[in-house]
Each structure stands twice: as C-alpha cells, then as structure tokens.
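Taking the UniProt record's numbering, the leading residue of the first sequence gets 1, the next gets one more, and so forth.
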Amino acid sequence: MATITVAKVGSKRKAASSGGSKTLKNSLGKKSSVTANKNSHITRWLLKSEPDSRFENGVDMKFSFDDLKSSPDQITQWDGVRNFQARNLMRDCMKVGHLGFFYHSNCKNPGIAGIVKVDVKYVRDLKRFISLSELKSYHEKHKTNDGPLKNMRLFTNRRLSVQPVTDEEYEFILSIEDQEPKKK
DNA sequence: GCCAACGTTGGC
DNA sequence: GCCAACGTTGGC
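Written out as structure tokens, the structure reads:
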C-alpha cells in the first residue's frame with residue numbers, strides 16, 4: 001500500500017463544505033469514544049458522494065468517481081461532512097490505508113462505482129457498477145436468511161454519508177462483482 | 001418534485 | 001433531559 005497523503009481531518013461528502021461555518025458543539029467526548037470503540041475493528045468504509053451537479057449556497061456539490069480519477073494524484077480531501085456521527089467516524093476510526101467503496105448518491109442510478117483508499121485516493125473501478133437496487137435486493141434476502149448484507153448501514157442508517165462496512169459486507173460485495181446483476 | 005425518515009436545535 | 005419544530009438527506 002503505497003501512497004498516502006493524509007488528509008483526513010477535513011472530511012467531506014464531496015461538496016458541501018461551507019468552509020467550516022457549522023459549529024461543532026455537540027457530541028464530542030464520550031460519545032465519540034463510544035463510536036471509536038464500537039468500530040475499532042472496522043477497516044472498510046462506504047463514502048457517499050453526489051455525481052450530479054447540485055448547488056448549495058452557490059457551491060456545486062458534484063463530485064463523481066470520475067472526478068476523483070481526474071484529480072491531481074487521484075486524491076481528494078473528503079471535506080464537507082457535517083453530520084456528527086460521520087465526522088466522528090472519520091476522526092476516530094478511519095485510518096490512512098483503509099479501503100472504501102465510492103458510492104454515488106442523490107442521482108438517477110445510485111450505487112457503488114469504485115474502490116478508494118481512505119486518503120481519499122482512487123484505487124480501481126469496480127468491474128461493473130453495483131446499484132443500490134441490487135444491493136437492496138440482497139439486503140432484503142439476507143434479512144430472512146441471515147446473509148452478510150442483512151445489517152448493511154446503507155439500509156439501516158440511510159442518512160450516514162460515511163459508513164462503516166464490515167469485512168463480511170465488503171467481501172460479499174466484491175464477490176458479486178463478477179456476476180451479472182441479479183436484479184437491477 | 002415529493003416526502004418519509006432521520007438529525008439538530010432550542011425552549012422548557 | 002424531553003420533545004416539538006424545523007432542517008436535511010436521498011430514494012423514488
């Protein structure tokens with residue numbers, strides 16, 4: 001694992017940002033150490049970003065997987081994360097070198113476009129786009145048969161823009177990369 | 001564009 | 001610490 005820049009602290013959800021205006025009074029201290037403890041084994045993540053233009057206070061939120069690929073060194077800072085839980089996860093649990101899925105949200109065809117290293121740096125494209133609807137069909141199935149995606153945060157904590165992904169979830173998703181999409 | 005679900009704020 | 005009002009997310 002070469003590379004690494006270390007940008008971390010900023011945070012993101014590409015776009016947003018608002019240059020640090022939001023205040024951070026809530027939940028530090030003990031709350032976040034709980035977050036850290038609970039997720040200390042996590043080394044895989046899912047990062048949401050919006051691939052389509054959307055303006056918020058005059059700032060374009062767009063940042064697609066292709067935008068990452070064409071960034072200098074294929075690295076970007078993940079800034080603009082406002083949600084406290086997401087920020088705490090990044091601050092306390094995410095480590096340089098961890099891997100993550102790059103997820104396209106708030107768009108026509110939401111789903112996972114590729115893999116990044118948690119710098120955040122491009123690693124590779126998925127062999128095919130894995131859509132939200134496909135993941136959801138597995139999630140539904142796995143709820144009944146105790147499969148690996150039964151608790152995936154994409155569905156159980158839908159608004160989190162920086163999500164922990166368990167090794168089981170990560171491996172399962174990689175394992176369906178080579179298959180034809182089951183359901184769309 | 002709608003709106004359900006969820007997160008944040010702030011008065012009490 | 002509760003909870004109503006309000007704001008945001010994000011799939012549809």
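Positions of the beta carbon are idealized from the N, C-alpha and C atoms, including for glycine.
In whole angstroms, give me the CA-to-CA distance for residue i and residue j.
i: T76; j: S137; result: 32 Å
i: K69; j: R124; result: 9 Å
i: F172; j: H142; result: 11 Å
i: K62; j: Q85; result: 22 Å
i: P181; j: S71; result: 30 Å
i: P164; j: L46; result: 6 Å
i: K108; j: F129; result: 13 Å
i: residue 246; j: L132; result: Because the chain spans 1 through 184 in this model, residue 246 falls outside it and cannot be assessed.
i: V120; j: D73; result: 10 Å
i: T23; j: N145; result: With a pLDDT of 35 at T23, under the threshold of 50, the modelled position of that residue is not reliable, and the figure given next carries that caveat. Computed Cα separation, rounded: 43 Å.
i: D66; j: V118; result: 17 Å
i: N57; j: D79; result: 16 Å
i: K38; j: E169; result: 17 Å
Checking the sheet assignment: what are the DSSP bridge partners for residue i?
i: S49; result: H104
i: Q163; result: L46
i: K62; result: E50
i: V55; result: The sequence as given places Phe at residue 55; Val does not occur at that position. In the DSSP output, where bridge partners are listed per residue, F55 has D60.
i: I75; result: K121
Apart from the five residues on each side of it in sequence, which residues of its chain come closer than 8 Å, Cβ to Cβ, to residue i?
i: R159; result: N83
i: D178; result: K127
i: H139; result: L149, K150, M152, L154, F155
Is the separation between the beta-carbon of residue i and that of residue j shorter than 9 Å?
i: L135; j: G97; result: no
i: T166; j: L99; result: no
What does a CB cutoff of less than 6 Å around residue i pick up in its chain, not counting 5 residues either side in sequence?
i: R54; result: M61
i: K95; result: none
i: S64; result: P51
i: F101; result: L46, I112
Leaving out five residues before and five after residue i in sequence, what residues of the same chain have Cβ atoms less than 7 Å from its Cβ?
i: L154; result: L46, L135, Q163
Any chance the CB of residue i is under 8 Å from a heavy atom of the ligand PLP?
i: F172; result: The ligand PLP is not part of this structure, which contains no ligands at all.
Starting from the N-terminal side, write out each stretch of the alpha helix (DSSP H) that is 4 residues or longer and does not extend beyond the region 81–166.
84–92, 132–145, 153–156
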